[in-house]
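In the numbering used here, the protein residues as written are 1 to 719.
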C-alpha cells in the first residue's frame with residue numbers, strides 16, 4: 001500500500017519515530033510479526049511508487065526487542081520482506097554485543113542479518129573480525145575466515161594484539177554461551193604457534209562450563225615429563241567435578257578428583273587422590289589419599305565442621321606436588337555460641353608424614369567436650385563463670401590419658417576517679433586418669449587436684465597532650481596484678497601436654513594461669529607490673545609500646561617448662577610498634593635478661609609499602625635455654641620483596657636464612673617474575689625459581705624453575 005505523496009513531502013528533512021511496519025501495511029498495523037514493537041527513525045524517508053520499496057536515509061535507527069540497528073541508509077523491499085543496511089551499519093544487542101559492517105542484508109523482521117565484512121565486539125572488549133558473517137538475534141553469530149582476540153589494544157592506531165586465534169569459521173552460540181573455532185591457528189606476536197582442528201571455550205558471560213581445561217606441562221629430573229590434562233564437568237547448578245589425570249614419565253600415573261556440592265546451609269569439598277606410582281617401598285605401588293571437608297548449620301544455632309585428611313602412603317603427596325603438608329589433621333566438631341553460653345564437641349586424629357613420625361606420635365583426641373556459661377552475679381559489675389570439660393588423649397608422644405575439669409569463677413570490676421580495680425576468684429578441680437606416661441616419673445596413676453586462684457588488678461589510664469601547639473596526644477596506662485594459686489602440685493606426675501611451648505610475653509603476663517591449659521598448674525604467687533602507652537604524633541605517626549616485669553613472690557620455678565631454672569624475677573618483657581606517615585611500619589618485641597639486658601627472645605619486623613613496592617624484613621631469635629633439650633639458639637631471618645614494574649609486570653623475591661648457632665645458611669628461596677594480564681589484559685606470564693632444602697625418605701631437595709603462561713578464556717600452559 002503506497003502512502004500519499006503529500007505525506008512523504010512533509011517527512012523530508014524531519015525526524016520521525018513510529019513503528020516501521022506502518023510504512024508497509026498502513027496505519028492499522030503497529031507491531032512486527034513476532035508481536036514485538038518496532039521503532040523507526042530517519043532524517044528522510046521515500047517510497048518508490050512502482051515497487052513500494054522504502055528508502056530511509058540519514059541517521060537511520062531501528063529498535064526492536066531492546067536491540068538497535070543504525071545505518072546511513074536502509075532499503076526495505078516489502079515483496080521479499082528483506083532490507084539492506086548500507087554505510088556505518090551497527091547492531092547493538094541487549095547483552096552489550098556490538099556488530100559493525102559496511103553492508104548488511106536483513107530479513108525475518110530484522111532478527112537475521114548477513115554482513116560483509118563483519119566486526120563484532122563482546123561486552124568485555126573481546127573482538128571478532130571476519131570476511132563475512134551471519135547474525136541471528138538471541139541465537140548465534142557465525143564468522144567466516146575469522147580472527148578472534150580478547151586483547152585490549154588500539155586497533156585504530158594500528159596496534160596488534162599479543163595473541164589471536166585465526167579460523168576458517170568461528171561460531172558464537174549465545175544460547176549455550178560458547179565460542180567454537182574450526183581449523184584454528186594460534187598466533188603469538190603474529191607468529192603461528194600451534195594448530196587445532198577444533199577449539200571451543202566459554203564466552204565472557206560464563207563462570208562455569210563443562211569441557212577440557214588447559215593442559216599443564218612440567219619437567220623434573222626425578223619425575224621426568226609431567227603432563228596433566230584436566231577435565232571440568234558441571235553436574236548441576238550447585239555441584240561440579242574436575243578430573244586431573246597426570247602422567248609422570250619416569251614414575252607412573254595419578255588422578256586427582258575434585259568434587260564440590262553446595263546446599264542452602266551446607267558445603268562439601270572433596271579431593272581424592274589415586275595413583276600407581278613409584279614410592280620408597282616399591283617401583284609401582286597403588287596409593288590413595290583424601291581431603292574431604294564438610295560444614296553445615298544445624299538446628300538451634302549449632303554449626304558442624306568435618307575434615308577427613310588421610311593418605312595410604314607417607315610421601316607421595318609431597319613428592320608428586322599434590323600437597324605440602326607434613327601432618328594431616330582429621331576432625332569432626334560441633335560448636336554453638338549463644339549470648340551467655342559456649343558449647344564445643346570435637347574429635348580429631350593426626351597422621352604424621354615425616355620419617356620420625358611413629359604411631360605413638362600421632363595424637364588422637366576422642367573426644368574433647370567443653371561447656372562455658374557466663375551470667376551476672378548478685379552484685380553490680382559482677383559476672384560468674386562456669387566451665388566444664390572432658391578430654392581423652394592418646395598417642396601423644398607416648399602419652400595416653402583422660403582428663404575431667406570443672407571451674408567456678410567470679411569477676412568483679414570497680415571504677416573510681418579513672419582507676420580501674422578488678423578482682424577475680426576461681427575454684428578449679430581436675431581429675432587425670434593416666435594410661436601411659438612418657439614424662440615425669442613415668443607412673444600410671446589416677447590423680448585428682450584442686451586449686452583456688454585469686455587475682456587483684458589495678459589499672460589507671462592517663463591521657464595527655466604535648467607539643468608546642470598540643471597537636472600530639474598520648475595515653476599511658478600503668479597496670480599491676482597480683483595472682484595467688486593455692487592447692488595441690490601435680491606437675492611432676494601429670495604429663496604436661498598443653499603448656500609445653502610456654503614463653504612469657506605481653507599477652508599471658510597478666511593471666512591468672514599464665515601457662516595456659518589444665519595440665520600444668522603451679523601453686524604459688526607472682527606480681528606482674530607493666531606500663532603501656534599509645535601516642536599519635538604528627539611526625540612519628542602512631543606509636544604504641546609496653547614494658548613489664550614479673551616477680552615470683554612464692555612457689556617454685558617452672559623447670560619442667562624450660563631447661564633453665566630461672567630466678568624469681570622474670571625477663572623484661574617489652575614491645576614497640578611504630579606506624580609512620582612515610583609508608584613504613586616498624587615493630588619489635590622481646591624479652592631481655594633483668595641483670596645483663598641480654599636478649600633471650602626477640603621478634604623484629606619492618607614493612608615498607610607504597611603503591612608499587614612492598615619490602616618486608618623480619619628476624620626471630622630465641623635462646624636455647626627456653627627449650628627442654630635445646631642444644632642451640634634458634635635464629636631466623638626473612639626478606640620478602642615485591643615490586644610492580646608497570647604494565648602488569650611485577651617481581652617477587654623471598655629468602656629465608658637459618659642463623660642458629662652462629663651460622664648463616666640459606667633455607668627456602670623463591671624468585672618470581674609475573675606479568676598479570678599484560679598491557680592488553682589478555683595474557684599472563686610467571687617465571688618462578690624455588691629452592692627448598694627439605695628432604696625426607698624419597699623426597700629430594702628441590703630446586704626447580706617453572707614457566708607458566710595463561711591465556712584469557714583458554715586457561716594456562718606451564719613448563
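Backbone N, C-alpha and C define an ideal beta-carbon position, used for all residues, glycine too.
By the Cβ rule, the region 419 to 437 does not count as touching the region 544 to 556, because fewer than three pairs are nearer than 8 Å. Between the C-alpha atoms of residue 194 and residue 687 there is a straight-line separation of about 22 Å. Residues 148, 181, 184, 186 of the same chain have their beta carbon placed closer than 6 Å to that of residue 165, with the five preceding and five following residues left out of the count. Setting aside the 5 residues that flank it on each side, residue 676 is surrounded in the same chain by 648, 684, each with a C-beta closer than 6 Å to its C-beta; the list follows chain order.
Residue environment analysis places residue 300 among the exposed positions, since fewer than 16 neighbouring C-beta atoms fall within 10 angstroms of its C-beta.
Taking residue 634 as reference, the option from 661, 271, 481, 645 with the minimal CA-CA separation is 661.
Under the DSSP assignment, residue 539 falls outside any alpha helix (DSSP H); it carries neither an H nor an E label. Using a Cβ distance threshold of 8 Å, residue 167 and residue 146 count as a contacting pair.
Residue 690 has its alpha-carbon roughly 27 Å from the corresponding atom of residue 351. For residue 317, the enclosing alpha helix (DSSP H) has its first and last residue at 316 to 319. Three or more Cβ pairs closer than 8 Å define a contact, and the region 273 to 281 falls short of that threshold against the region 293 to 307.
The alpha-carbon of residue 118 is positioned some 18 Å away from that of residue 158. A distance below 7 Å between beta-carbons, with the five flanking residues on each side excluded, links residue 401 to the following residues of its chain, in chain order: 393, 432, 433, 434, 435, 495. A contact between stretches requires three or more CB pairs, one per stretch, nearer than 8 Å, and the region 198 to 206 fails this requirement with the region 225 to 233.
Taking the C-beta atoms as reference points, residue 83 is found nearer than 8 Å to residue 110.
In the DSSP annotation of this structure, the continuous segment of the beta strand (DSSP E) that includes residue 373 starts and ends at 364 to 376. Residue state for residue 415 is assigned as strand, using DSSP reduced to three classes. With contacts defined as CB atoms closer than 8 Å, residue 513 and residue 453 qualify as a contacting pair. For residue 67, the pairing in a beta bridge is given by DSSP as 64. Bridge partners of residue 432 according to DSSP: 403, 447. In the DSSP secondary-structure assignment, residue 480 is bridged to 458, 529. With contacts defined by Cβ atoms closer than 8 Å, residue 142 and residue 177 do not form a contacting pair. Where residue 191 is concerned, the enclosing beta strand (DSSP E) starts and stops at 191 to 202. For residue 98, the closest of 206, 411, 172 by C-alpha to C-alpha distance is 172. Less than 8 Å divides the Cβ of residue 340 from the Cβ of residue 375.
The Cβ atoms of residue 455 and residue 423 lie closer than 8 Å to each other. Taken atom to atom, the span from the alpha-carbon of residue 130 to that of residue 65 is near 26 Å. Secondary structure at residue 245: strand, using DSSP grouped into helix, strand and coil.
The three-state secondary structure of residue 299, taken from DSSP, is helix. Runs of the beta strand (DSSP E) lying entirely within the region 92 to 131 and spanning at least 3 residues, in chain order: 98 to 107, 112 to 116, 118 to 121.
Taking 8 Å as the cut-off, the beta carbon of residue 362 is found closer than this to the beta carbon of residue 395. The region 463 to 481 makes contact with the region 526 to 533: 3 or more CB pairs, one atom from each, lie closer than 8 Å. Counting C-beta pairs with one atom in each stretch, the region 363 to 374 and the region 341 to 350 have three or more that are closer than 8 Å, which means they touch. An exposed status is given to residue 568, since fewer than 16 other beta-carbon atoms sit within 10 Å of its beta-carbon. Taken through DSSP and simplified to helix, strand or coil, residue 361 comes out as helix.
According to DSSP, residue 263 shares a beta bridge with no other residue.
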